[in-house]
Each structure stands twice: as structure tokens, then as C-alpha cells.
Amino acid sequence: MNESEKAVAEVLLKAKAVTPEQLDKAVRIKNTNGVRLEDALVKLKICGEEQVAQATSKVSGIPFACRANNLLKPEKDAGLEALVDHVFAKDNLVLPLYIEDETLYAAAAAPHGDVLGTALALKTGKPVSLFIAPASELAAAVEGFYLGPGFAPT
């Protein structure tokens, strides 16, 4: 496990969201299949996406966004869909939320350190600040934003 995964595992263990045995199983799946620990925990249904995203948020210091806290609602009429196209948003599981003081705020399922933020900054020409969000909620919000209200998350 890398340092970030170890820290997420510690948060989940401390919260009793995962047992040491479950963590060992997820680590085996991670190592065998070459996936992130967070993805293995969700895939094995040991933890939910929201638990993992919240633990990652706590470890990384990246703010948490979800439907329940109303942060997965992009600002209307801000030209965000022109700034970040649907294909990029869907492929990278990232949703532009708003622009404040020339900084683009966006939600991502897996920020990957600075890689996604840097790619988004290069694409948009703006500084970027990320939120972390559960993948399934984010995917639904991306489709709702780009394809219309019929696809909006519930």
C-alpha cells in the first residue's frame, strides 16, 4: 500500500468501518488486480463509496462533496459546460461546480494527487480546487449536468 492508502485504511479501521481481516482481503485484491485499495474496499462491499470518499477527504484534506450536502450542483449559466466538456468530465469523473475569484472548483471521485487538478488547470487555463465525491453520485451528477434534467441525480 502507498502512504495515502495506509492513511485511508487507518481512518477506516479507527472508525470500525473495516476489520483488519477485511482490510487484508482488500489488500490482496488490490495487489492481485492492480486496483486502488479504495476501489477494492468498495468492490468487495466492505465499505460504501461515501465512507471511502469521506476517509480519503479526511486524509487528503480535500473537502467532501455529495448530494446530501448539496455540493454536487454546478452553478447554472456560468459557462462551465464550455470550460470542461462532457467527454473530459465523463472520462475523468470530474464535475465543474463553480468559479470564484478566477478559480475553478470541481468535484472528482479520485483526485490522484495533483494529476487531475493539473490536467484540469491546463485544460481550462484556471487554477483548480477540488472536492472529493462518491463515484456513483458524481457519475449521475455529470450526466445530469451535461445531458439535462432527465439524467439528474435524485
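Taken in order, the sequence shown gives residues 7 to 160; the numbers are from the numbering used here. In this text, a Cβ means the ideal position worked out from N, Cα and C, and glycines have one as well.
Inter-residue CB distance, LEU101 and VAL134 (contact presumed, cutoff 8 Å)
Here residue 101 refers to the residue found at position 95 when the sequence shown is read from its first residue. Here residue 134 refers to the residue found at position 128 when the sequence shown is read from its first residue. No, LEU101 and VAL134 are not in contact; Cβ-Cβ is about 12 Å, not under 8 Å.
Opening and closing residue of the alpha helix (DSSP H) in which PRO80 lies
As a working note, residue 80 is residue 74 in the sequence shown. Element bounds for PRO80: n/a, residue is neither H nor E.
If you reduce the DSSP assignment to three classes, tell me which class VAL24 lands in.
For the purposes of this step, residue 24 is taken as the residue at position 18 of the sequence shown. Reduced to three states, the DSSP call for VAL24 is coil.
PHE70 - partner residues in DSSP beta bridges:
As a working mapping, residue 70 is identified with position 64 in the sequence shown. PHE70 pairs with ILE138.
Output needed for VAL24: all residues of its chain with C-beta closer than 8 Å, excluding positions within five of it in sequence on either side, in chain order.
For the purposes of this step, residue 24 is taken as the residue at position 18 of the sequence shown. Cβ neighbours of VAL24 beyond the five flanking positions: ALA15, LEU18, ALA32, LEU47, ILE52 and CYS53.
Go to VAL93, then tell me how far its alpha helix (DSSP H) extends in each direction, as first and last residue.
Here residue 93 is taken as the residue at index 87 of the sequence shown, counted from 1. Here the alpha helix (DSSP H) through VAL93 covers 92-98.
Just to confirm before moving on: does the CB-CB distance between VAL65 and SER10 stay below 8 Å?
Counting from 1 along the sequence shown, the entry for residue 65 is found at position 59. Counting from 1 along the sequence shown, the entry for residue 10 is found at position 4. It is a contact, given that the beta carbons lie within the stated cut-off.
According to DSSP, what are the bridge partners of TYR111?
By one-based count along the sequence shown, residue 111 stands at place 105. In DSSP, TYR111 forms a bridge with TYR104 and SER135.
Nonlocal neighbours in the same chain, by C-beta distance under 6 Å from ILE114, ignoring five residues either side:
Against the sequence shown, residue 114 aligns to sequence position 108. In the sequence as displayed, the identity of residue 114 is Ala instead of Ile. Once the five neighbours on either side are set aside, the close Cβ partners of ALA114 are VAL100, LEU122 and LEU136.
Is the beta carbon of TYR104 closer than 8 Å to that of GLU80?
Start at 1 with the first residue of the sequence shown, and residue 80 comes out as number 74. Start at 1 with the first residue of the sequence shown, and residue 104 comes out as number 98. Here residue 80 is Pro; the residue named in the question, Glu, does not match the sequence. Yes.
So for ILE52, helix, strand or coil by DSSP?
Walking along the sequence shown from the start, residue 52 turns up at place 46. DSSP places ILE52 in coil when its eight states are reduced to three.
Coarse secondary structure for PRO159, derived from DSSP in three states:
Walking along the sequence shown from the start, residue 159 turns up at place 153. With a pLDDT of only 48 at PRO159, under the threshold of 50, the placement of this residue in the model should not be trusted, and no figure is reported.
Please classify GLY123: does DSSP put it in a helix, a strand, or coil?
Residue mapping note: residue 123 aligns to position 117 of the sequence shown, counting from 1. GLY123: helix per DSSP, three-state reduction.
Straight-line Cα distance separating ASP91 from GLU108:
Against the sequence shown, residue 108 aligns to sequence position 102. Against the sequence shown, residue 91 aligns to sequence position 85. Distance between the alpha carbons of GLU108 and ASP91 is about 18 Å.
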